[in-house]
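Numbers 192 to 307, taken from the numbering used here, label the letters of the sequence shown in order. All residues carry an ideal CB built from backbone N, CA and C; glycine is no exception. Owing to the predicted nature of the structure, the values given are computational and were not obtained by experimental measurement. Below: one structure, written as structure tokens.
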Amino acid sequence: MRGLFYMKTILFLIAVTVLLNNCDAQIKDSSKMQKKPIEQVLKDNQNMLLAIPGVQGFYQSKLESGEDYIVIMVDSLTENNQDKLPKTLDGYTVTVEEVGQIKPLNQEEKKPLPEE
């Protein structure tokens, strides 16, 4: 009798484990399908990102594996902005790049293109 009880208990635990693993796989698959395009994520978050002190701009890039990620360019990392910079945005990894101050060129500062 005891052997039958233990056998039923083990079979029940195996069945629960299989069901939980299947649910976990389905949740992971559905989260991948619901991911917004990175261009939309950047557009949706541009005002928030540019409001962070020191942020000069941002762009998207790709890892060698083909995975998209976001790069935030800052003039310098400081205590004032370091903890305000997100680590992820809508499921995309975010990295920070120190680029210094970015200024637009004035018309007279533009150099002519070399002639061919």
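Query                                                                                                                                                                          : Result
Pop quiz: Leu233 and Gln251 are said to be a contact at Cβ under 8 Å. What is the actual Cβ separation, rounded to whole angstroms?                                            : 6 Å
Please return the same chain residues whose Cβ sits closer than 7 Å to the Cβ of Lys227, not counting the five positions on each side in sequence.                             : Asp281
Do Met264 and Phe249 have their CB atoms nearer than 8 Å?                                                                                                                      : yes
Helix, strand or coil, according to DSSP, for Gln309 in the structure here?                                                                                                    : Any question about residue 309 goes unanswered here, given that the chain covers just 192 to 307.
Using alpha carbons as the reference points, say which of Glu230, Gln247, Asn272, Asp274 lies closest to Lys253.                                                               : Glu230
Taking all protein chains shown into account, do 16 or more other C-beta atoms lie within 10 angstroms of the C-beta of Val209, making it buried, or fewer, making it exposed? : exposed
For the alpha helix (DSSP H) containing Val290, name the first residue and the last one.                                                                                       : Run containing Val290: none; DSSP gives neither H nor E here.
Put Thr279 into one of helix, strand or coil per three-state DSSP.                                                                                                             : strand
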